[in-house]
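Report on one structure; see the data block that follows.
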Amino acid sequence: MSKQNIFKCLDFFILRMPILSTDVFNNHLKSLKEPILNGLWEIVQEPLIREAIAVSSISLLDALTYLSPDSPERKREQVAKSLLRYLIRMSTRPTPFGLFSGVAYGEYGEHYRIDLKKAEHFKKRTRPDMEWLYRIIAKLENDSSIRNQLLVKTNTMAYEVGNRTYLPYLNRLDNIRKNGANFEIERTSISTTSAVEQALHLAKTPIALEELVSKISCEYPDTSYEQINQFVNELLKQELLISNLRPPLLDIEPFKHLLKSMESIKGMEQLKSTLQNISSLIDEYNKVPIGDGEKSYREIVRKMKQVIESKNYLQVDMKVETNGVTLPLCVKEEVEKSAEALWRISSSELGLVHMIGYKADFIKKYGMSREIPVLELLDEEIGLGAPATYEYPLSKRRLSNDETEYGKRKKYLLSQWLMTVLLNGEQELNLGDDKIAALEGKETDSCYAPRSFEMFFTIISNSVESMEECDFTLISGATPLSYGAGKSIGRFADIMGSKLHNNLKYIGKIEQELCSDMILAELVYLPIEGRAADVSLTYNNREYEINMGTTSSKETEKIISLSDLVVGIDEKGFYLRSMKLGKEVIAVTNHMLNTSNSPNIYRFIRELTQERQKNIEIFQWGELNSLPFLPRVKYRHCILSPARWILNKQTFPYTGEMEREEWIDKFNVYRRKWKLPRYIYLTQADNRLLLDLEESEHINEIRREFRKVDSYQGVVLTEVGHKLEELPMTNKGPYYTEFVFPIIKNPIGNSRQAVTKNQCKTISYRNRLKFPGSEWMFVKWYGFGNRIEEFLGGKLRDFCLMAKQNKWIESCFFMRYADPDKHIRIRFLGEPIKLQRELLPQLNDFSSQCLQEGILTKMVIDTYDPEIERYGGPDLINMAEKFFCIDSQIVMEWIRLNEQGSLCIDKDLLTVISIIDIMEQMGITFEEQYNFLDGIVNYKDHLDLFRAKKAYYVNLGDARNGFEQLKNHQAGQLLIPAFQRRSDILREYGEGLLELERNKDYYVTRLNAMYSMIHLHINRFYGIDRDDERRVLTLTRHTLHSLAYVRRR
C-alpha cells in the first residue's frame, strides 16, 4: 500500500438507523402464534408505530383492526403476515424511509457514542409527493382560462435537426408514470417554421403566454389571433415551452414555489385557498411530535385527495435527534484503507465497461478530433444513438462479450482462491495485500482516482471498549457505494442543520479544486417517474446548472443548456464541453436518484462523469456470481462482500407447493448441509429483510419467495455477518445502525488535467457530408485476401493514373480500413458530372474485371464525411486532402516496387526517413519531433531492430541539408523526388496550422495534426495493424534520439 493514502474521509459521517430497537425484533417478531400475536396487537396500539405505518400505508393501518383477539384467526394471521415485514423493517433496516428510519449527523472523537433523544422528539419533514404536485400542475396547464396567465420559457432540451425541432423526451405531467410501471419514451418534433423559431427565441427568458401570443400576432397580421393562440398553446402542450409552475428540483420547498407562482393567477381563488390550507396543515404536522400525528396525517391526505387523486400524497423524511454521535478515529483510518483497497481491485479500465464499445464506434464514425453536440450524438437518425444497456429509448447496441485483461486476471485468481476456501471447508476469503496487488495488476496513477464517493458500513464489535481499541469489523451495506460524497444525504440537507449544509458546500469546494479549469455543474431533470423527483429534491451548491425539462434555480448566465454541450474523445475517454464557456464540464448530482429508468440523455450525461477515471466498484465475483454459495470476502477489518447462498431448484429440489411444515423440515436439512448461520437477509437487489432461521415463521417468508421463482432463478440469502448482541449500543438500547462515510481524493495526490480545446464552432453534419453526385465519389472495395498489395501497386495504381490522364477525375486518395471486414476506401475528386457520367461506368468495368479475377468481392459507393476537425478545420481540410492525393500516388508506387522486389531500401527504413521528412516539411522542430515521439512510444521497444541497422537509420535519416547523405545513396533517387512532390503542400499546411494556433482559432494542435498525417501515411503503406505503426514510430524515435548525439557533436 502507498504511504500516502489516496483517499481520505471527511471529518463527518452520517448515521442511519430505524426508529425501533432490535429488542422489538427479538421479542415480538419471531412467530405469529400466541402469545406473540397478542403482543403484536399491543405493539400496533402504540401511537408512534401507528403513525409510522400510516405514512407508509394507510390501507395496512386500517387493516390492523383485524389483528384484535376478537377477529377470525385466519384473517388475523393474514394481517399479521403483512405487518411482520413492516415491523422487521422498522426495527432492523437503517435505510431512510418515511418514519421507519432516519438520519443523524456524526463526527469523530476519542470515544464511541450514540446518545439518542426520545423517538417522539425525532424531527420529521413532510412535503407533498411530487407525483401529486405534478398532477396539479398538469391540471392548471390544461385549463385554458389559466394557461394564458402563465409565464412560459423555452425548454432547454429543444434542438434542431434540419428543418425540424426535437425534444428527446416528454414528461406528460398529466400522465406521469406510476412507480414500477412500464413505460416508453415519447419523443416529439415540430417543423421549424419561422413562427416556431420566433416563439422559442422570445421565450428564452420567461414571458407571459398571453404576451407571447400578442407579439407573434403582430408579426403575422394575416393570421387570426385564435390561430396564433392555438399554435402557442400547442408548443406548451408539446413541452417545447414549459410553464413557471414547474418547480426547480434544486429547491427544498417545491409546494411553496407552486403557491407563489399561483398568487397572480386569477379565477382560481378556491383552489388557491385549499392548497394554502393544505400547506398550513403540513407545516403544523411537521411540528407535531411523532406519535401524535396520525389524525393530522389522515386529514391532510383526505384534503389532498379532494383536490386531485394520486397514488401517493405525502413524502416524509426523518432526522434522528441526538445529543451527540461520535466514532473513534481508528474507524476513519480503517475506512480509508478499505476504500483504497477496493479502488485498487476495481476494473483497471478508465470509465464504464459498457462504454468501451461505444467509444470505438464514436472513433470509427467521427475520429478523435471532432466534438459532437450531445443531443445529436444520441439521436438514432443522425448520430450514433445510445450506448449498450440504455433503454429509454432502447439502444440497438448490444454489450460486447469480449473480456478485458483485468476481467481475465480477476476470474482466474478468484477461481483459484475460491476453490482453496471450499476445499478447506471455510467460508471466508481473506484478501491480504498480496492478493490485492495480484488483483490490481499494473498500478494505476492516483490522478485517475475518483474525486469523491461514499461508503456504507455497519460496524460491529464485542463492546464499546473493544471498538475504541480498534477491535471491530466493518460490513458493507446493502448499497455499499455512492459515486459522490454527500449524495446520500442531499435530500435531507434542509432538516439536518447548518453543520451538514456547510459540509456539503465544503465538498463542492474541494471537488472544484480537484477539478481546476473544469466546470462542475449540477444536473437536474424532471423524472418521468413521478415519485423519483422526491429523491432528487436538494440544494445546488455548484456555480452552474444543467437543466432538463423544468424551471432552473439559477440565473440565466449560470445555466448550461443541452444545446451548448458537445462530446469529444481522446485516449483517456469521453469528455463533455461547453462551447459557450470553452471548458470541460462535469455534470454532478447531489442525490441518489438511480439512472436506470431515466431517459438516455440524462443517463448519458450522468455517466460521462465517470469517464476519464478508474472508478471504484463494489466487490463482485463476476461470472462466479451464479454459484450456489460464495464465501465472505474480507480485507483487514472490513467485510467487502458477505457470504451468500442461492436457494434454487437445483440445490433445493423441493416445490414451494409442499406442505409448509414438510418444506421447513427440508430447508433445515439444507441449512445444516450448506452451513447457513442463524441470521440471514432475504435479499432482492438492495432490499434486505432480516430473518431468524431458528423461527419457522421467518423460514416461511423464504418459502413464499421460493414459490415465485422459476427453474433457473433462486432466492438469495446473505449472511448478516454478526450476532445481534454485537450491534453498537446506544443509550436507548441496541439499534441496527449503518454509517455513511463521505470520502474525497486526497488533495495531496495528483489530479488529472482538464481537456483543453479551443472554442471552435462545431461543424454541422449538414455542412460536411458529401453525397454521391457531389464533387467527391467515395468507393469501398472488399475482398483481396492476400492480393491486397498486388491490387494497390498494380491495378488500382494504373486505374488512377488512367482516370487522371483521361480527366475523369482531378485526383484521388486511398486508405485501408476494416468495418470489421477489411477493405480499401478511395475518394475521387472531380467535376460532379464527369464523376457520374465518365468515371462511374469505368469503375463498374474495372470492379467487374477485378471480380472475375478473384480480387474483389464487393463494391460500395457511400457518403464521404471528411475528418475536418482532425486535420485543422474548414480552412485546412482542402490542403490535407491535396497531401493525401499526392501521398497516395507515392505510396502506390512504393508498393509496386516492393511487390516487384526492386525497392532499393528496407521498408521500415524507408518509412522512418519518410516520417522524418513529413515532420520537417511541416515546420516541426527537431526537439518537437523527438519529444512528441518519445511521449507516445516505449523507448525500450525494438532496440534490437534499430541496433542491427543503426548506421543506416542515423545516416540516411539525418534531414540536415535536405537529407544530404540520402542524396548520395541509391535510395535517394527514389525518395528525394517523392519528397519534393509533396514538400510545397506540407509546408503550406504546416504554416496554416501555425497561423491558426497563433490566433487561438484552431481545432487541433500542429503536433496532433502531424501525427494524423503520419498515421494515414503508414496506413497506406502497411495496413491497419497498429503493431506496424508502433514499430516504425519507435524506430523513428530511436533514430532521432541517436541523431541528437550526432548533432551535439
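Just so you know, UniProt numbering puts 127 at position 127 of the sequence shown, and the rest follows in order with no gaps. Ideal Cβ placement from N, Cα and C applies to all residues, glycine included.
The beta-bridge partner set that DSSP reports for S641 consists of V633. Residue pairing by DSSP places K118 opposite no residue, since no beta bridge is assigned to it. For Y939, the number of other beta carbons within 10 angstroms of its own is below 16, and it is reported as exposed.
From the listed residues H1041, R870, G98 and D887, the smallest Cα separation to R947 is found for H1041. By alpha-carbon distance to M859, the top candidate from Y448, R1006, L840 and K780 is K780.
The shortest CA-to-CA distance from I88 to any of L691, V1046, N898 and S488 is the one to L691. The segment 341-358 makes no contact with the segment 144-161; the number of CB pairs closer than 8 Å stays below 3. Comparing alpha-carbon positions, the option among S626, P94, G291 and F472 lying closest to E333 turns out to be F472.
Contact between A119 and L48 holds, with the beta-carbon distance rounding to 6 Å and staying under 8 Å. Residue pairing of N648 in beta bridges, as defined by DSSP: G714. Here the alpha carbons of F231 and L241 stand approximately 11 Å from one another. Each residue's CA atom was taken as its position, placing W41 and Y679 some 25 Å apart.
Per DSSP, reduced to three states, the secondary structure at I136 is helical. Per DSSP, N229 lies in no beta strand (DSSP E) segment; the continuous alpha helix (DSSP H) that holds it begins and ends at Y225 to K237. Unbroken beta strand (DSSP E) stretches of 3 residues or longer found wholly inside the segment 404-476: 428-430 and 452-460, given in chain order. Here the alpha carbon of L682 sits roughly 45 Å from the alpha carbon of S516.
The beta strand (DSSP E) runs of length 3 or more contained entirely in the segment 475-530 are, from start to end of the chain, 518-525.
With respect to Y483, P527 sits apart: the two C-beta atoms are not nearer than 9 Å.
Assigned with DSSP and collapsed to three states, Q613 falls in coil, not helix or strand.
Its Cα nearest to that of N401, the residue A388 stands out among A388, L394 and D494.
The residues L903, in chain order, have a CB closer than 6 Å to that of L897 in the same chain once the five nearest residues on each side in sequence are set aside.
Note that the segment 967-974 does not touch the segment 821-836; fewer than 3 beta-carbon pairs, one per stretch, sit closer than 8 Å. By the criterion of a C-beta distance shorter than 8 Å, I282 is surrounded in its chain by T126, R127, P128, F255, I300 and L314, once the five residues flanking it on both sides are discounted.
Collapsing the DSSP output to three states places E831 in coil.
Setting aside the 5 residues that flank it on each side, I216 is surrounded in the same chain by A195, Q198, A199, L202, I228, F231 and V232, each with a C-beta closer than 8 Å to its C-beta; the list follows chain order. Taking each of L956, L876 and I664 in turn and checking the Cα distance to S914, the smallest one comes out for L956. Judged by pairs of C-beta atoms under 8 Å, the segment 506-514 does not touch the segment 640-649, as fewer than three such pairs exist.
In its chain, beyond the 5 residues on either side, P18, I19, L20, V24, I49, A52, F100 and S101 have a beta carbon closer than 8 Å to the beta carbon of M90.
N171 is not a Cβ neighbour of G773, given a cutoff of 9 Å. For N323, the enclosing beta strand (DSSP E) stretches over residues T322 to P328. Only buried fits Y169, as 16 or more other CB atoms lie within 10 angstroms of its CB. Of the other Cβ atoms in all chains shown, fewer than 16 fall within 10 Å of the Cβ of M802; this residue is therefore exposed. DSSP places S101 within a strand segment (E or B) once states are collapsed to three.
DSSP places C812 in the uninterrupted beta strand (DSSP E) bounded by S811 to A818.
E1029 sits away from I895, with the two beta carbons spaced by 9 Å or more. Per DSSP, V891 has no beta bridge partner at all.
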